[in-house]
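Peer 1: Okay, here's the structure, questions in a sec.
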């Protein structure tokens, strides 16, 4: 039996042969599973135990947990060695910097920890997947690519570094857009870290702020071999149509080369063919896991209920390739909540679920805004205050991003008031001195329940970028395990304790005045608004 360790923005891709511990979602009479049975049409389902799922609250806990998993993961030798096992590491490490705003120190420490692990266990295999634009951007003479390059040189044949490049940045656009701004065209934005049978899912990047004072979300899954297999396969599949990092063949040229894999069109020079091939591979990936997920459907609902109390449904969104699984699942969840708030079809005790939705950047798509405004549920929307926006007091054009998000938020608030929904739709802003806010996700509370039954955790932020331009991944967690429900509620409570309610007076403050040109630009380029550059 093989195992996997995940670190950073990259993932190990060798799949292990073991009896699956998951099954397709089965409708049961037990809440909350029966409420969300329609999600089985959208995503594969993994059955886990709530005691093996742990929300982390603070950035320091995320960093400590990440390093400890790299350091203590049990390492094995290959299957070909008698009496031994094999370990794979899959890491998806989004490591990039933003001038003096972000430092590379913590990423370098993670690379150093990984190097020690590879030196300790010669059978260790690693696959790192990063975004090409961010991964090659130089800051103070360093980038993710240059920091990972020595590992390729020291451990040839044992580590693969893949760099996804969006097919939408091509031609004259690629020639004229400078680094940092070209990332607005599209990114590989998935954040997942796997270690043996453990998975750490987050929305955080791997740099200094995300380990210290930039609030995000992080949930650790233990004893989840099948879920680990899924994410390893996801990284392997995306990595298959990404550039591969290779030491330069010439000592006098650039230190590394970016090469395409066999039978893979170039995303820059063969954009249309690339999209077709990437779409084909991703649809095959989805079909594979949906099909595999149905193998254990013969298991009875009672057995599923007796053995597991939590279901995890991973979903992906890849707009450039027509993959909209995450959006479909989210819309189904909102529709289910809406039905259960309809007075005409639901008993009184089941009315008005509460949905808490958070994003560091208030830029929801029209689909999501429409669902929120028309729903029969109570909505609490949590976003960053201008001071908690990562671009607050930044230099250049990016300094206008906080007021742009303020303008979009004000537009939505005005519409809520106009439709007389302000008694059930509430907006809060995260405002913690010295901190920025990057959390995203969703929580659902049934009427009369103190703790949530469902949460969504991962990289999407419900905006245009997530929907149309970037590669995203997250997981839906449905649980009836009371300790886990309490832990998920505590995670949200820690976010809300640093938040304040938004009222009409909020937008009348002098620091909320938005220049006309910013308002105009926000309306025109909302699909390209950056999130965490």
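In full-length UniProt numbering, the protein residues as written are 1 to 533. Every residue, glycine too, gets a C-beta built ideally from N, C-alpha and C. Since the model is a prediction, treat every value here as computed from it, not as a measurement.
1) Which residue's Cα is closest to the Cα of residue 221: 250, 517, 457 and 400?
2) Where does residue 117 land, buried or exposed, given buried means 16+ other C-beta within 10 angstroms?
3) Count the other CB atoms, across all protein chains shown, that sit within 10 Å of the CB of residue 430; report buried if there are 16 or more and exposed otherwise.
4) Helix, strand or coil for residue 151 per DSSP?
5) Between the alpha carbons of residue 466 and residue 309, how many angstroms are there, rounded?
6) Please list, in chain order, all residues of the same chain as residue 179 whose beta carbon is under 6 Å from its beta carbon, the five residues on each side excluded.
7) Could you give the C-beta distance for residue 409 and residue 362, rounded to a whole number, given that I count them as a contact under 8 Å?
8) In this structure, how does DSSP classify residue 466 when only helix, strand and coil are distinguished?
9) Alpha carbon to alpha carbon, how far is residue 182 from residue 455?
10) Buried or exposed, going by whether 16 or more other CB atoms sit within 10 Å of the CB of residue 307?
11) Based on Cα-Cα distance, which residue from 265, 293, 133 and 388 lies nearest to residue 435?
12) Give the straight-line distance between the Cα atoms of residue 210 and residue 494, rounded to the nearest whole angstrom.
13) Drop a sphere of 10 angstroms on the beta-carbon of residue 500, count the other beta-carbons inside from all chains shown, and report buried for 16 or more, exposed for fewer.
14) Please classify residue 513 as buried or exposed, where buried requires at least 16 neighbouring CB atoms within 10 angstroms.
15) Whose C-beta lies closer than 7 Å to the C-beta of residue 250 among residues of the same chain, with five residues either side of it excluded?
16) Residue 469: buried (16+ other C-beta within 10 angstroms of its C-beta) or exposed?
17) Let me make sure I understand the geometry here. Which of 197, 161 and 189 has the alpha-carbon closest to that of residue 48?
18) Take the Cβ of residue 119 as the centre, count every other Cβ of all protein chains shown within 10 Å, and call the residue buried at 16 or more, exposed below.
19) Where does the unbroken beta strand (DSSP E) through residue 135 begin, and where does it stop?
20) Could you pull the DSSP bridge partners for residue 223 from this structure?
21) Around the C-beta of residue 325, are 16 or more other C-beta atoms found within 10 angstroms, so that it is buried, or is it exposed?
22) Classify residue 34 as buried or exposed, calling it buried when 16 or more other Cβ atoms lie within 10 Å of its own Cβ.
23) Have a look at the DSSP bridge pairing and note the partners of residue 475.
24) Go ahead and label residue 516 buried or exposed: buried means 16 or more other beta carbons lie within 10 angstroms of its beta carbon, across all protein chains shown.
25) Tell me, please, which residues DSSP counts as bridged to residue 357.
26) Cα separation between residue 213 and residue 64?
27) Determine the direct distance from the alpha carbon of residue 332 to that of residue 373, and round the result to whole angstroms.
28) What's the call for residue 272, buried or exposed, on a 16-neighbour Cβ count within 10 Å?
29) If you follow the beta strand (DSSP E) that residue 190 is part of, which residue opens it and which one closes it?
30) Indicate whether residue 162 and residue 129 have their beta-carbon atoms separated by less than 8 Å.
31) Have a look at 188, 125 and 522 and flag the residue whose alpha-carbon is nearest the alpha-carbon of residue 364.
32) Look at the alpha carbon of residue 148 and the alpha carbon of residue 335, and state the distance between them as a whole number of angstroms.
33) For residue 436, does the three-state DSSP call read helix, strand or coil?
34) With DSSP run on the structure shown, which of helix, strand or coil describes residue 430?
35) In angstroms with no decimal places, state the Cα-to-Cα distance between residue 171 and residue 267.
36) Buried or exposed: where does residue 208 fall if 16 or more other Cβ atoms within 10 Å of its Cβ makes it buried?
Peer 2: Per the coordinate set shown:
1) 457
2) buried
3) buried
4) helix
5) 30 Å
6) 137
7) 4 Å
8) helix
9) Cα-Cα distance, rounded: 32 Å.
10) exposed
11) For the residues 265, 293, 133 and 388, the minimum Cα distance to residue 435 belongs to 388.
12) When rounded, the separation of the alpha-carbon atoms in residue 210 and residue 494 is 17 Å.
13) exposed
14) A residue is called buried once 16 or more other Cβ atoms fall within 10 Å of its Cβ, and residue 513, having fewer, is exposed.
15) So the list is empty, once near-sequence residues are dropped.
16) buried
17) Of the candidates 197, 161 and 189, the residue whose Cα lies closest to the Cα of residue 48 is 197.
18) exposed
19) Not the beta strand (DSSP E): residue 135 falls in the alpha helix (DSSP H), residues 132-135.
20) DSSP lists no partner for residue 223.
21) buried
22) exposed
23) 314 and 457
24) If you draw a 10 Å sphere on the C-beta of residue 516, you find fewer than 16 other C-beta atoms in it, and that means exposed.
25) 381 and 442
26) 14 Å
27) 16 Å
28) exposed
29) Where residue 190 is concerned, there is no enclosing beta strand (DSSP E), given that its DSSP letter is neither H nor E.
30) yes
31) 522
32) Rounded to whole angstroms, residue 148 to residue 335 spans 44 Å at the Cα level.
33) strand
34) strand
35) Whole-angstrom Cα-Cα distance: 11 Å.
36) Label assigned to residue 208: buried.
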